[in-house]
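Numbering (this note's numbering), first residue to last: 433 to 684.
Even for Gly, the Cβ is constructed at its ideal location relative to N, Cα and C.
Every value quoted in this text rests on a predicted model; they were computed, and no experiment measured them.
Have a look at the structure below, then the notes.
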Ligand code: PEP
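So, in structure tokens, the structure goes:
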């Protein structure tokens, strides 16, 4: 038993119009009301951040952006700043998602700058790591995770680690319907926690929440959440369906 509060986070990616988003947010807000012993978070597209925050203003649902810049303002076409996120009602940002790393070629240095930017302006940084199928099959999972964690969290103070959530998302399990087994996920989470203890302090490693992401669904969430080092889920596809995400929030 640990005292880490579970966090169930939904990443809507590039989905939802204003109307869809408000409706989905309202339904998720309703079913989250009873979830007193856990945190719920939604990462809608930037275009609906403030609308979703408004719909959920009286709820316990946290709002995150799907990425964030390190600067407060300036000539950064296409980017969103940490203060834009907070002014829209957000309190967190997803950083280093594999879609950003792979499709948009965000490298370790940029991701580390984003982590620092989020933390500097008081956002929770949901920092994603995970290996590809090729890396897993080549027995490189731990090596890849270690590199991503050391590079992505370089220079983060012990104090700021309180605002960091790590999401382990094996790339081969994202959007594929292929979930890591609970044993594979637990093994990776335990490795990450051990590494965090080496990089920071054991007490920090013991308190950092590590989410699992990769085809989390109503029928596998209970098994995953029963693992000692899995503290929550980062959910893509199933977070776009209120019934499925509500079931995930109410994992037992
Ligand atoms: C994700 O986008 O972070 C994710 C885990 O997606 P899915 O749940 O659809 O695999």
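Quick one: Cα of residue i to Cα of residue j, how far?
i           : j           : result
residue 620 : residue 452 : 35 Å
residue 700 : residue 609 : This structure gives no information on residue 700, because the portion of the chain shown stretches from 433 to 684.
residue 682 : residue 536 : 34 Å
residue 589 : residue 549 : 13 Å
residue 469 : residue 649 : 20 Å
residue 450 : residue 458 : 12 Å
residue 534 : residue 579 : 16 Å
residue 603 : residue 673 : 22 Å
residue 456 : residue 478 : 15 Å
Would the beta-carbon of residue i fall within 9 Å of that of residue j?
i           : j           : result
residue 627 : residue 644 : no
residue 585 : residue 562 : no
residue 629 : residue 637 : yes
residue 499 : residue 666 : no
residue 556 : residue 494 : yes
residue 497 : residue 481 : yes
residue 437 : residue 641 : yes
residue 490 : residue 439 : no
residue 530 : residue 606 : yes
residue 502 : residue 552 : yes
residue 646 : residue 594 : no
residue 558 : residue 599 : yes
residue 435 : residue 639 : yes
residue 521 : residue 486 : yes
residue 596 : residue 547 : yes
residue 622 : residue 571 : no
residue 560 : residue 526 : yes
residue 668 : residue 445 : yes
At a cut-off of 8 Å, is residue i close to ligand 3 when judged by its beta-carbon and the heavy atoms of the ligand?
i           : result
residue 668 : Absence of ligand 3 from the depicted structure is noted, with ligand 1 being the only ligands included.
Would you list, in sequence order, the uninterrupted beta strand (DSSP E) runs of no fewer than 3 residues that lie entirely inside the stretch 534–587? Look at the stretch 534–587 and you find these whole runs of beta strand (DSSP E), each 3 residues long or longer: 556–561.
Quick check: the stretch 513–529 against the stretch 458–470, are at least 3 beta-carbon pairs closer than 8 Å? No contact exists between the stretch 458–470 and the stretch 513–529.
Any alpha helix (DSSP H) of 4 or more consecutive residues that is wholly inside the stretch 622–661: List check, alpha helix (DSSP H) in window: 634–639, 653–657.
Fully enclosed by the stretch 438–497, which alpha helix (DSSP H) runs are 4 residues long or longer? For the stretch 438–497, whole alpha helix (DSSP H) runs of length 4 or above, ordered along the chain, are 450–464, 481–487.
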